[in-house]
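2 protein chains.
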Amino acid sequence: MGGDFGPRSIVQASIACLCATPSLHLTLVGQPSLLDELIAGYPAVDRARLTIVPAAEVITMDDRPSQALRGKPDSSMRVALQLLCDSKVQAVVSAGNTGALMALSRHVLKTLPGIDRPAMVAAIPTQRGYCQLLDLGANVDCNAEHLFQFAVMGSVAAEALGVVQPRVALLNVGTEDIKGNQQVKLAASLLQGARGLNYIGFVEGDGLYRGEADVVVCDGFVGNILLKSSEGLASMIAARIEALFRANLASRVVGALALPLLRRLQADLAPARHNGASFLGLQGIVVKSHGSAGVQGLQSAIRRASIEIQENLPERLHGRLEDLLL
Amino acid sequence: MGGDFGPRSIVQASIACLCATPSLHLTLVGQPSLLDELIAGYPAVDRARLTIVPAAEVITMDDRPSQALRGKPDSSMRVALQLLCDSKVQAVVSAGNTGALMALSRHVLKTLPGIDRPAMVAAIPTQRGYCQLLDLGANVDCNAEHLFQFAVMGSVAAEALGVVQPRVALLNVGTEDIKGNQQVKLAASLLQGARGLNYIGFVEGDGLYRGEADVVVCDGFVGNILLKSSEGLASMIAARIEALFRANLASRVVGALALPLLRRLQADLAPARHNGASFLGLQGIVVKSHGSAGVQGLQSAIRRASIEIQENLPERLHGRLEDLLL
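Protein sequence lines, in the order shown, are assigned to chains S and C. Mapping the first sequence onto the numbering used here, position 114 (from 1) lands on 278, and the numbers just tick up by one. Mapping the second sequence onto the numbering used here, position 187 (from 1) lands on 351, and the numbers just tick up by one.
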């Protein structure tokens, strides 16, 4: 029921994913009459693979996590997470209120042993491919232990996505040992001693985009600012390019040729907008789609959830955490 | 003597500024034989407005602040700051080691009364013009009081640059009161009560680039990551655009027309690269030019120093701080 475009684009993305992946089963949680009506627009859909589970309430983007936890026991978000907890589904994807989704996920699913706080991770485009950046805002006050746990979780997630021996780095204001705040310096010393982790040291903001690491770890305050400022900058550059090619007749002619190419590039680059952000560290798979993601973004989020199911990500995380932390 | 391109581009930028501004006097501090040789390449220069003061040592980019403070008493940086302290010059501009420049500035010039820590501020391009972002990395562990002081200093600096009633915002992970870490929440309550400050609340990373505020305040860790990741992303987008227009013959033709326009845009957008970063909160004007700025960036930094002299920025800051803090 969530997201800036509501169930309409969620139904559309679901049906596209069902068509593309014959082994996929999807359960839509929300108001059945509304969902049935939207699904009726796609008569060819295989209803045997598309279930509806009713939920009377909807968590809005303005609801505080505490309201989501206590005030709405029959929200679509909570019902979906309960299905996951009861093993009726294997993963939950939501485009709704991030804070509420995190609070409900922790409450319903619980964290893995050894994990104090789940983290949000997303794939950020770099000059050499992608890096997994975490935390993206679930934890705004992190100590060194939390950063260490994020590094372990990010590394396992990158492996699950096919990266061999992922290069793990801490985001910092410089690459020398003396640089950084207390948490980062202490996290570095914890990571230097971690077996089975390819820790490569500090990376700076520009190094992230140069692709110097496969996993970049920071606290949620910094990660959220980095992600959103990157989105803001990318949008600003796109707007300036459009304006540039409208400035006069000559540039408009060039623009008519160049803009279609540039717009495709823009879609490739918008960080995280077209990729789901995973919640790592829970006893279950939860993927958050960007609220304004649209159909393609939702399909990406569903694909990310599918990969995490195939790779059995929570189990893998659990095993690695036992090796490293316990 | 500092910067990625050394004294050659510093001399070139100095002479361009002297030509453009007949009232300007510049003092170059460093190795006289080298500087004289470089200046000799510009026989038309008005030597009455270009002085050389000798300094035997050079602080390298690898020197730690402690080495700069104790190990090199005759460095060009320190001699320049001493000239400012002795009122022989009215401002110092450097393209050298940032940490060393900050440590020496604090040591030689001292901070203004009421200021615990100087901050670095630079103008960041936004969709509506520019915003002053601070701190950019001088202080990686800030409490609420520091953020409050940065807000006051940023507001006065924006006024000096011509902004009427600058909109001052705290950088945060959301705009609601409950969002953020402890320092940010506490700084917000301090700023809400500050007389004579146009505090508008929280701004997010994307809001910064949308131009929602004229002054954006954050701790130096966050500011440095934001600035460098923005530079990294802008470079990545530029590289992708170049690659896009080299992909095949058709796109190469389009690129031949579009790239000159886009490269001009890129120069406009590169955050802070073409603007000096000011150190605010010192008893004197110090402007740091980006190490890789080149001649145009150095000219910008010299212009920023000139404006701060005209506006008597440290005096104005001192007056405002007395009103607000003491």
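Positions of the beta carbon are idealized from the N, C-alpha and C atoms, including for glycine.
Where does the unbroken beta strand (DSSP E) through residue i begin, and where does it stop?
i      : result
R365/S : Sequence inspection shows Gly at residue 365/S; the Arg mentioned does not correspond to that position. Counting along the chain, the beta strand (DSSP E) containing G365/S begins and ends at Y363 to V367.
T215/C : L214 to P218
V316/C : No beta strand (DSSP E) contains V316/C, which is instead part of the alpha helix (DSSP H) from A308 to A324.
L334/C : V332 to L335
Can you list, in chain order, the residues of its chain with a C-beta nearer than 8 angstroms to that of residue i? Leave out the 5 residues immediately preceding and following it.
i      : result
R480/S : V320, E323 and A324
V337/S : K343, G344 and E368
R292/C : R374 and G375
Q137/S : Residue numbering for chain S in the displayed model covers 165 to 490; residue 137/S lies beyond these limits and cannot be assessed.
S230/C : A267
E486/S : P277 and G278
A358/C : F312, A315, V316 and L488
D200/C : I216
Tell me, please, which residues DSSP counts as bridged to residue i.
i      : result
T275/S : L446/S
E201/S : Beta-bridge pairing links E201/S to no other residue.
G194/C : P218/C
L298/S : V285/S and V381/S
V256/S : V450/S
G293/C : T290/C
So which residues of chain S does residue i contact, with C-beta pairs closer than 8 angstroms?
i      : result
Y373/C : S393, G396, L397, S399 and M400
D370/C : K392, S393, E395, G396 and S399
R228/C : I342
Would you mind telling me which residues of chain C sit closer than 7 angstroms to residue i, beta carbon to beta carbon, in chain order?
i      : result
D305/S : N345 and Q346
L429/S : R404, I405 and L408
L202/S : Neighbours of L202/S on chain C: none; closest Cβ ~30 angstroms, over 7 angstroms.
G301/S : V337
Tell me which residues share the same chain as residue i and place their Cβ nearer than 7 angstroms to its Cβ, disregarding the 5 neighbours each side in the sequence.
i      : result
S239/S : A219, E221, V222, I223 and A232
D168/C : G455 and S456
N388/S : L300 and G301
I473/C : Q254, A255 and I449
V418/S : F409
Within the continuous alpha helix (DSSP H) that includes residue i, where are the two ends?
i      : result
M165/S : Taken as a continuous stretch (DSSP letters only), M165/S belongs to no alpha helix (DSSP H), as it is neither H nor E.
V243/C : S240 to C249
S230/C : P229 to R234
V348/S : Q346 to Q356
Tell me which same chain residues have a C-beta within less than 6 angstroms of the C-beta of residue i, skipping the five on either side of it?
i      : result
K252/C : none
V379/C : Q296, G318, S319, A322, P330 and V332
H482/C : L276
A244/S : V193 and V256
G440/S : V451, S453, S464, A465 and R468
V304/C : G384 and F385
P196/S : I216 and P218
Residues of chain C with CB closer than 8 angstroms to the CB of residue i, please, in chain order.
i      : result
N261/S : Ordered by position in chain C, no residue passes the 8 angstroms Cβ test against N261/S, which lies about 11 angstroms from the chain.
S415/S : L425
Please list the partners that residue i has in chain C, where partner means a Cβ-to-Cβ separation under 9 angstroms.
i      : result
V418/S : V418, L421, A422 and L425
Q291/S : G396, S399, M400, A403 and R404
L433/S : L397, M400, I401 and R404
Name the chain S residues whose beta carbon is nearer than 7 angstroms to that of residue i?
i      : result
R410/C : Correct list: empty, because the minimum Cβ distance to chain S is about 11 angstroms.
V379/C : Those within 7 angstroms of V379/C in chain S number zero; the least Cβ separation is about 16 angstroms.
L105/C : Coverage of chain C is limited to positions 165 through 490, which leaves residue 105/C absent and any answer about it impossible.
Anything in chain S within Cβ reach of residue i, meaning under 9 angstroms, just list it in chain order.
i      : result
L355/C : None at all; the shortest Cβ gap to chain S is about 18 angstroms.
V386/C : F385, V386, I389 and L390
Quiz item: If you scan the segment 412-490 of chain C from start to end, which runs of the beta strand (DSSP E) of 3 or more residues do you find wholly inside it?
Solution: 441-444 and 449-452
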